[in-house]
Amino acid sequence: MVYGLKSIKLRIRLIWRILQIGFRAYGNPVIALQALIKTGKMRNQVQGNQFIPRFLESNNLHYWSPFCPGFPSVAFDNFIENELHRSISFRSSAPRLMTIIFSITSRCPLQCKHCFEWDNLNTPEPMTLDDLKLTLKKFQAFGVDQVQISGGEPTVRFDDMIELVETSEPETNFMLLTSGYNLTRENAERIKKAGFVGVNISLDHWIPELHNDMRGSEQAFDWAMDAAKNTRAVDLMLYFSLCATRSFVTEENIWKYLELTSSLGAGFIQILEPRAVGNFKDKQVDLSENQYKILEKFFLTVNNDRQYQEMPIVVFHGYHQRKMGCFGAGERYLFVDANCDIHACPFCQEKYGNGLVDSIPESIERIKSSGCQKFAKAVVDI
Numbered sequence: 011m012v013y014g015l016k017s018i019k020l021r022i023r024l025i026w027r028i029l030q031i032g033f034r035a036y037g038n039p040v041i042a043l044q045a046l047i048k049t050g051k052m053r054n055q056v057q058g059n060q061f062i063p064r065f066l067e068s069n070n071l072h073y074w075s076p077f078c079p080g081f082p083s084v085a086f087d088n089f090i091e092n093e094l095h096r097s098i099s100f101r102s103s104a105p106r107l108m109t110i111i112f113s114i115t116s117r118c119p120l121q122c123k124h125c126f127e128w129d130n131l132n133t134p135e136p137m138t139l140d141d142l143k144l145t146l147k148k149f150q151a152f153g154v155d156q157v158q159i160s161g162g163e164p165t166v167r168f169d170d171m172i173e174l175v176e177t178s179e180p181e182t183n184f185m186l187l188t189s190g191y192n193l194t195r196e197n198a199e200r201i202k203k204a205g206f207v208g209v210n211i212s213l214d215h216w217i218p219e220l221h222n223d224m225r226g227s228e229q230a231f232d233w234a235m236d237a238a239k240n241t242r243a244v245d246l247m248l249y250f251s252l253c254a255t256r257s258f259v260t261e262e263n264i265w266k267y268l269e270l271t272s273s274l275g276a277g278f279i280q281i282l283e284p285r286a287v288g289n290f291k292d293k294q295v296d297l298s299e300n301q302y303k304i305l306e307k308f309f310l311t312v313n314n315d316r317q318y319q320e321m322p323i324v325v326f327h328g329y330h331q332r333k334m335g336c337f338g339a340g341e342r343y344l345f346v347d348a349n350c351d352i353h354a355c356p357f358c359q360e361k362y363g364n365g366l367v368d369s370i371p372e373s374i375e376r377i378k379s380s381g382c383q384k385f386a387k388a389v390v391d392i
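With the working numbering applied, the sequence shown has no gaps in its numbers, which climb one by one up to 392 at the end.
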């Protein structure tokens, strides 16, 4: 982690670079500064009206979020230009996407209790590698800063995944979303060489037996631990995703989870709330108000209290979703399933088009007109 004086120096470099991009975009330093201030206020609202006093350094890039490209890079410049355009428009076209979550397979060796793809799991592979390449090419032509390669379990289609990323446009950041299955040291080196900048490992408990029970495999915890070590060994960004279920959310569990993931070298923890879809369909899975408060307090404390500056940065979508609305549904991200069908997010499962055969801009407009099925469209009051 980068914190203290180094963090201050890095923040100055970041602000100067953002101003340079703003000058280039607006041709007016006053407007560029206004756009920077508006963008900064939005970021502070997402993080609880405070700034995170640290950055993750990985492979010579610096991150404040796993969803924003690392600085310095072409992808970072494109991302900032797009965020400034959202604040004060300087072109006629709509803002580009920040992220797509791109499922390349429905196959998976696990049987997770919370799997949102449960109804489609292990069905015959619908899309060829060429189909995936064409779909990705269309999204990159529309504009996307980051692609999260997902599944199923994407590493069961490892060679196709490598070729898909190797043949893509280089300006996009690629992340791997995985259970840890098949992420050996050799495969970690291969994904880095192909162009991945980070790995997001799903880990649902700090107690091995309870994680394995959640995942339906006695090997799941060991896969996750080995994958984490292999990810850090090749200097890729490591972050963990937690499905924070009713049975998990206690003060003890969330802080023990932080200790474990920090010891593994994680830069981020992403907290996801369970949704009644897939294998959780028709089940009462929503957290209680008290459990939400536990997560909110944890999120704000770890990110803003300087005694935790060596710990992973926490991403908790539920915080800004309740206060500002959802950034999915084509606003900043969307989900493309293994059939290349386009959805607002992995949990909002209505189809709004197909990435292979339909117009990407038209599909996104359909999603935006409908919005998130759980939370309102994001509206930033700045």
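Heads up, the beta-carbon is just placed ideally off N, CA and C, and yes, glycines get one too.
Spatial distance of residue i from residue j (CA atoms)
i	j	result
Gly288	Ser97	36 Å
Gln44	Glu91	14 Å
Lys203	Cys122	30 Å
Ala42	Met235	45 Å
Phe250	Pro284	16 Å
Ser116	Cys125	11 Å
Gln30	Gly14	25 Å
Ser160	Asn263	27 Å
Tyr267	Lys333	26 Å
Leu131	Phe100	44 Å
Leu252	Asp214	5 Å
Gly226	Pro180	37 Å
Leu142	Phe33	37 Å
Lys147	Asn300	44 Å
Leu120	Glu320	33 Å
Leu220	Ile111	27 Å
Asp368	Cys118	27 Å
Lys239	Leu248	9 Å
Glu306	Gln331	12 Å
Cys355	Ser102	26 Å
Leu366	Ser113	13 Å
Glu360	Tyr36	38 Å
Asp351	Ala104	22 Å
Delimiting residues of the alpha helix (DSSP H) encompassing residue i
i	result
Val175	168-176
Gln30	15-36
Leu268	261-273
Ile98	Careful: Ile98 lies outside any alpha helix (DSSP H) and carries neither H nor E.
Ser379	370-380
Ile304	299-314
Thr109	No alpha helix (DSSP H) contains Thr109, which is instead part of the beta strand (DSSP E) from 107-113.
Asp141	139-152
Asn197	195-204
Where residue i falls, given that 16 or more other Cβ within 10 Å makes a residue buried
i	result
Ile22	exposed
Ala198	buried
Asn38	exposed
Asp292	exposed
Ile392	In this prediction, Ile392 has a pLDDT of 34, which is less than 50 and means its spatial position is unreliable; what the coordinates show is noted afterwards. Classification for Ile392: exposed.
Val389	Confidence is the limiting factor: at Val389 the pLDDT is only 44, short of 50, which leaves the residue's position unreliable, though a coordinate-based value still follows. Under this definition Val389 is an exposed residue.
Ile18	exposed
Ile47	exposed
Ile211	buried
Ile25	exposed
Val84	exposed
Ile377	buried
Glu163	buried
Endpoints, the beta strand (DSSP E) within which residue i is located
i	result
Arg64	64-68
Ser251	247-253
Ile279	278-282
Phe420	The requested residue 420 is not part of the displayed model; the chain covers only 11 to 392.
Asp223	Asp223 -> not in any beta strand (DSSP E); alpha helix (DSSP H) instead, spanning 218-225.
Met235	No beta strand (DSSP E) contains Met235, which is instead part of the alpha helix (DSSP H) from 230-243.
Tyr1	Given a span of 11 to 392 for the chain in the structure shown, any question on residue 1 remains unanswerable.
Asp292	Looking at the DSSP string, Asp292 is not in any beta strand (DSSP E), and its letter there is neither H nor E.
Residue j beta carbon less than 8 Å from that of residue i
i	j	result
Val295	Arg256	yes
Gln158	Leu187	yes
His353	Leu282	no
Asn69	Val207	yes
Leu344	Leu107	yes
Ala348	Pro136	yes
Val259	Leu297	yes
Ile217	Glu261	no
Ser189	Ala254	no
Gly80	Leu94	no
Val175	Phe168	no
Phe309	Tyr329	yes
Selected residue, minimal CA-CA separation from residue i, among the options
i	options	result
Gly153	Ser380, Ile377, Ile370, Glu320	Ile370
Ser379	Glu341, Ile323, Val207	Glu341
Pro76	Ser160, Leu193, Ile323	Ile323
Thr145	Ala104, Thr177, Asn38	Thr177
Glu10	Ile172, Ala85, Ser272	Since the displayed the chain opens at 11 and closes at 392, residue 10 lies outside it and no answer follows.
Asp245	Gly277, Ile374, Pro63, Lys19	Gly277
Phe290	Glu127, Gln280, Ala35, Phe149	Glu127
Asp315	Pro63, Glu360, Val40	Pro63
Distance cut-off 7 Å: residue i Cβ against heavy atoms of the ligand MN
i	result
Gly32	Only the bare structure without any ligand can be found here, which leaves the ligand MN out of the picture.
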